[in-house]
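*Asks:*
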Amino acid sequence: MTALTILLVLVLLLVVFGLLFRLQILTSIFSGSYVKEIGMSNRINALLMLVFMVVGGAAFFWSFANNFSKMNPPIASVHGHAMEKMFWTTMIVIGVAFAITQALLFIYSYKYQHQDGRRAYFFAHNNKIEVIWTIIPAIVMAALIFAGWKAWTRITGPAPKDAIVLEVMGKQFNWLVRYPGRDMKLGVVNYRLIDASNDFGFDLSDKSALDDFTASEIHVPKGHPVLIKIRSRDVLHAVYMPHFRVQMYAVPGMPTRFWFTPTTTTDEMRAKLGNPKFNYELACNQICGKGHFAMKLNIVVDEPDDYVAWFAAQTPVSKNADLMASFKQMSQQTGLGKGNSKAARAEAIEETGETPAVPLAAQASL
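Under UniProt numbering, the residue at position 98 of the sequence shown is numbered 98, and the numbers go up by one with no gaps.
(1) On the three-state DSSP scale, how would you describe Gly201?
(2) Does DSSP put Asp302 in a helix, in a strand, or in coil?
(3) Spatial neighbours of Tyr179 within its chain, please: CB distance less than 6 Å, with the 5 preceding and 5 following residues excluded, ordered by chain position.
(4) Note down the Cα distance separating Ile94 from Leu7, rounded to an integer number of angstroms.
(5) Where does Val358 sit, in a helix, a strand or coil, going by DSSP?
(6) Checking the sheet assignment: what are the DSSP bridge partners for Phe260?
(7) Anyone know if the C-beta pair for Arg245 and Gly80 falls short of 9 Å?
(8) Look at the Cβ atom of Ile194, then the Cβ atom of Arg233, and state whether they are nearer than 9 Å.
(9) Do Met241 and Ala294 have their beta-carbon atoms positioned less than 9 Å apart in this structure?
(10) Rounded C-beta distance between Pro74 and Lys272? I'm assuming under 8 Å.
(11) Is DSSP giving Gly170 helix, strand or coil here?
(12) Looking at the unbroken alpha helix (DSSP H) that takes in Gln102, where does it start and where does it end?
(13) Apart from the five residues on each side of it in sequence, which residues of its chain come closer than 8 Å, Cβ to Cβ, to Ala362?
(14) Which one of Met86, Pro225, Lys319 has the shortest CA to CA distance from Leu144?
(15) Between the alpha carbons of Leu186 and Ile164, how many angstroms are there, rounded?
(16) Scan the segment 114-189 and note each continuous beta strand (DSSP E) run of 3 residues or more that stays entirely inside, going in chain order.
(17) Within 10 Å of its beta-carbon, does Phe98 have 16 or more other beta-carbons around it, so buried, or fewer, so exposed?
(18) Would Pro158 be called buried (16 or more neighbouring beta carbons within 10 Å of its own) or exposed?
(19) What are the residues that DSSP puts in a beta bridge with His292?
(20) Taking Val239 as the reference, which of Asn174, Leu204, Ser197 has the closest Cα?
(21) Using the C-alpha atoms, what's the distance from Phe311 back to Leu176?
(22) For the candidate residues Ala321, Trp149, Ile44, Leu48, whose alpha-carbon lies nearest to that of Asn198?
(23) Any contact of the segment 198-212 with the segment 40-48, i.e. 3+ C-beta pairs under 8 Å?
(24) Which partner residues of Glu281 appear in the DSSP bridge assignment?
(25) Please check the pair Thr266 and Asn279, which I expect to be a contact at CB under 8 Å, by giving their CB distance rounded to whole angstroms.
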C-alpha cells in the first residue's frame, strides 16, 4: 500500500510540473520572450546531449567490464572456442558501427543546434554515399553470415559415428532424459502412449526400446562426441548449456539436434573455478510459462571410465514394473503397441540423425 501511495504521489508531481511548464510557455508567449527562451532551451538540450553521451558511455563500459566474466563462462567444449571467436567478431563489427553512429548523433545534435538566421543544408541524393553505405555493409554482413552458416551446419549436421547419443525432451516444467541401452539404439516412442508412468511414451513392443533407460541428470564422457536429440512435449523450450556454447530450440512436433565434444570434466572445472559446488547446467532460456524458472538440469562430465561405470549401473525401462503395466494398458486402449511394424514406426515420433555404428569402445564391452 505504501509503494502504491508513493507511486501516485510521484505521478501527481509529474503532472503538476508538466502543467507549470505549459503555464510558463503560455506566459512567455504573451510576454514576447518565447523566442529567446527557445534559444536557451536548445543550448541546454544540446549540451545535455554531450553530457548524456559521456556519462551514458562511461556507465556502459563500466557495466560491461564489471559483468564480463558473468557473460562469458569458461568454455568446456571443442567447438565453443570457434563459437566464441565468431560471436566476438560479430560484436566488434556491430559495436564499432554503433559507437560511430551514436557518437555522430549526439555530436551533430550539439554542433547543429538551432541558431537564429541559419538554415539547414539539404541535398536530395548522392550516388557515392549510397554506394558506400550499401556495398560495405553488404560485404561485411555476407562474411558474418557465411561464417555463422559454416559453424551452424557443422554442429547440427551428422555427428561422428562413435558419438554418444542421448535424448532430451522438454515439458512444462522440467527436462526428461533417456539413453539407448547396450544396443546403442534409441527405441520407438509415441506421444499417444504418454501417461503418468510413461513420460516419454515408450513403445515397449519395439525391442530397441526395452534396454533404453532414463536419467535424472545428463552424464557425458570427456573428450568424446555427444549427440543430443531434442524434442518438446508441449510448448516451445530451448536447450541452453552455456559452458559448452550449446543452444537449440525444443520445438513441438519437430525434433532438433546438436552435437559437441566436452573437454573439461565437472571435477576439473570445480578445481579451475575454486568452487566445489559448481555444476554444469542445462537451462531453458525460452519463456515457457509460470514455472519456466524451474527448468534446469545438472550435467556431469565424467572421465571415460567413470562414464562407463555410471552407464553400467543404470536400470533399463523394461525393469520398471509400473511403466510396463502402464504400457500394456495404454496400448490396449489406443490400439498401439506395435513398435516393430513399419506402420507403427511411420506414425511414431522417431529420432532424427544417425545411430552410431561404433559405440564408445569401453561401453561396447558391457
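For every residue, glycine included, the Cβ atom is placed at its ideal position computed from N, Cα and C.
*Replies:* By the coordinates alone:
(1) Numbered from its first residue, the sequence shown carries residue 201 at position 201. Gly201: coil per DSSP, three-state reduction.
(2) The sequence position of residue 302 within the sequence shown is 302, counting from 1. DSSP places Asp302 in strand when its eight states are reduced to three.
(3) Sequence index remark: in the sequence shown, residue 179 carries index 179 (1-based). If we look at Tyr179 and ignore the five residues flanking it on each side, its Cβ neighbours are Leu166, Phe213.
(4) On the sequence shown, position 94 is the one that residue 94 refers to. On the sequence shown, position 7 is the one that residue 7 refers to. Approximately 38 Å between the Cα atoms of the pair.
(5) Against the sequence shown, residue 358 aligns to sequence position 358. Confidence is the limiting factor: at Val358 the pLDDT is only 41, short of 50, which leaves the residue's position unreliable, though a coordinate-based value still follows. Reduced to three states, the DSSP call for Val358 is coil.
(6) Indexing the sequence shown from 1 puts residue 260 at position 260. In the DSSP output, where bridge partners are listed per residue, Phe260 has Val226.
(7) As a position in the sequence shown, residue 245 is number 245, starting the count at 1. As a position in the sequence shown, residue 80 is number 80, starting the count at 1. Result yes, Cβ atoms of Arg245 and Gly80 sit closer than 9 Å.
(8) Start at 1 with the first residue of the sequence shown, and residue 194 comes out as number 194. Start at 1 with the first residue of the sequence shown, and residue 233 comes out as number 233. Yes, they are a contact pair.
(9) Indexing the sequence shown from 1 puts residue 294 at position 294. Indexing the sequence shown from 1 puts residue 241 at position 241. Contact: no.
(10) Residue numbering aside, residue 74 sits at position 74 when the sequence shown is read from its first letter. Residue numbering aside, residue 272 sits at position 272 when the sequence shown is read from its first letter. Indeed, because the Cβ distance is near 7 Å, the residues count as touching under 8 Å.
(11) What you label residue 170 is simply residue 170 of the sequence shown in a count that begins at 1. The answer is strand: DSSP assigns Gly170 an E or B state.
(12) Mapped onto the sequence shown, residue 102 falls at position 102. Here the alpha helix (DSSP H) through Gln102 covers 80-111.
(13) Stepping through the sequence shown from its first residue, residue 362 is reached at position 362. No answer about Ala362 holds up, because its pLDDT of 40 lies below 50 and its placement is not dependable.
(14) Counted from its first residue, the sequence shown places residue 144 at position 144. Ranking Met86, Pro225, Lys319 by Cα distance to Leu144 puts Met86 first.
(15) For this step, residue 186 is matched to residue 186 along the sequence shown. For this step, residue 164 is matched to residue 164 along the sequence shown. C-alpha separation (whole angstroms): 11 Å.
(16) 164-171, 174-179
(17) On the sequence shown, residue 98 is found 98 positions in, with the first residue counted as 1. Classification for Phe98: exposed.
(18) Taking the sequence shown and counting its residues from 1, one reaches residue 158 at position 158. It counts as exposed.
(19) As a first step, residue 292 must be located in the sequence shown, where it is residue number 292. DSSP output for His292 lists no bridge partner at all.
(20) In the sequence shown, residue 239 corresponds to position 239, counting from 1. The candidate whose alpha carbon is nearest that of Val239 is Asn174.
(21) Translated into the one-based positions of the sequence shown, residue 176 becomes position 176. Translated into the one-based positions of the sequence shown, residue 311 becomes position 311. For Leu176 and Phe311, the distance between alpha carbons rounds to 17 Å.
(22) Position 198 of the sequence shown, counted from the start, is the residue given in the question as residue 198. The residue with the shortest Cα to Cα distance from Asn198 is Ala321.
(23) no
(24) For the purposes of this step, residue 281 is taken as the residue at position 281 of the sequence shown. In DSSP, Glu281 forms a bridge with Asn298.
(25) Along the sequence shown, one-based indexing puts residue 266 at 266. Along the sequence shown, one-based indexing puts residue 279 at 279. Contact flag correct, Cβ pair sits at about 7 Å.
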